[in-house]
Amino acid sequence: MLKKFKALLPKPPFKSAGYTSRPYPVNTKWLVREVTNEDIKALLAVEREVYHGKLPWTKSAFLSELISPLPHLYLCVENEDILAFGGCRIIGNDAHITNIAVHPKFQGAGIGTFLLEELETFARQHGCLTMSLEVRLSNRDAQRLYRKLGYVSRAIKPAYYDQTNEDALDMVKYIE
Ligand SMILES: CC(C)(COP(=O)(O)OP(=O)(O)OC[C@H]1O[C@@H](n2cnc3c(N)ncnc32)[C@H](O)[C@@H]1OP(=O)(O)O)[C@@H](O)C(=O)NCCC(=O)NCCS
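According to the UniProt record's numbering, the residues represented by the sequence shown are 1 to 176, in order.
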């Protein structure tokens, strides 16, 4: 579609979770803020870096999360570019971490931990009793992080990932 016509179409509403943007505590030149619809292109760029050109989430997957009527919080850390993002969606008493990724240049420096802690604060504010997530069975690094933060294994979901058929480890953290 021509760009000028596309610009005239109404934008799907961005539903803010009311998170107050603030400097990232370790490097106050960076900003922590909610992700908006306008950021999707930049999020896809981070995904490409993290997953070697592959895109586990498409533009429409991001969009449907950001406009979801369910309570949700998607955060990013940015300097000039977005260098990490992560988010959760609340269903009942559970806050489900749907996606988290840190640009390879910035991994292992605490950003993932920070984002997960912010999401947990959001979950507690919404009276959640658990946080949950799925992680590839082969993704030992991420599992180590989740275990360190108090997540435990709950089940294996066979052939959970469409593209590779890989099993997922279902993890949960009790936060009440
Ligand atoms: C998993 C991920 C989100 C963690 O974020 P992060 O900012 O690198 O993690 P942190 O620095 O807060 O925590 C580091 C801890 O996580 C683990 N870890 C995970 N990925 C790591 C990496 N690439 N480098 C170093 N440590 C890593 C280690 O246990 C480490 O603990 P340690 O410092 O005590 O050894 C990030 O590495 C990433 O984007 N990985 C690729 C995408 C992915 O796997 N997403 C999760 C899908 S479920």
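From the three backbone atoms N, C-alpha and C, an ideal C-beta is built for every residue, glycine too.
Here the structure is a predicted model, which means the values were calculated and not measured.
Beta-ladder partner(s) of residue i, from DSSP
i, result
"ALA61", "Beta-bridge pairing links ALA61 to no other residue."
"PRO23", "LEU31"
Integer Cβ distance of residue i from residue j, believed to fall under 8 Å
i, j, result
"ILE67", "PHE114", "Actually they do not touch by this definition, with Cβ atoms about 26 Å apart."
"ILE175", "LEU129", "7 Å"
"LYS59", "ILE40", "5 Å"
"LYS157", "ASP141", "About 19 Å; that fails the 8 Å criterion."
"ILE97", "MET131", "6 Å"
"VAL77", "VAL135", "VAL77 to VAL135, Cβ: 21 Å. No contact."
"PRO71", "HIS126", "6 Å"
"LEU73", "ALA17", "4 Å"
Residue i: CB within 8 Å of a non-hydrogen atom of ligand 3
i, result
"ASP81", "With respect to ligand 3, the structure offers nothing, as its ligand set consists of ligand 1."
Cβ-based neighbour list, residue i, same chain, cut-off 8 Å, excluding 5 preceding and 5 following
i, result
"ARG124", "ILE175"
"LEU75", "TYR19, VAL32, ARG33, GLU34, VAL35, PHE85, GLY86, GLY87, LEU115, GLU118, LEU119"
"ARG154", "SER132, ASP170, MET171, VAL172"
"LYS168", "In the sequence as displayed, the identity of residue 168 is Ala instead of Lys. Cβ neighbours of ALA168 beyond the five flanking positions: GLU134, VAL135, ARG136, LEU137, ILE156, LYS157, TYR160, TYR161."
"PRO104", "GLU49, VAL50"
"LEU52", "For the sequence presented, residue 52 should be read as His rather than Leu. Taken in chain order, the list of residues that qualify is empty."
Own chain residues within Cβ distance below 6 Å of residue i, not counting five before or after
i, result
"VAL102", "ALA84, ILE111, GLY112"
"GLY150", "LYS173"
"TRP30", "TYR24, VAL77, ASN79"
"THR164", "none"
Contact set for residue i: own chain, Cβ-Cβ below 7 Å, skip 5 residues either direction
i, result
"LEU63", "PRO12, ASN37, ILE40"
"ARG22", "VAL32"
So within the UniProt domain "N-acetyltransferase" (30–176), which uninterrupted beta strand (DSSP E) runs reach at least 3 residues, ignoring any that extend past its ends? 31–34, 72–78, 82–91, 94–102, 130–136, 152–157, 168–174
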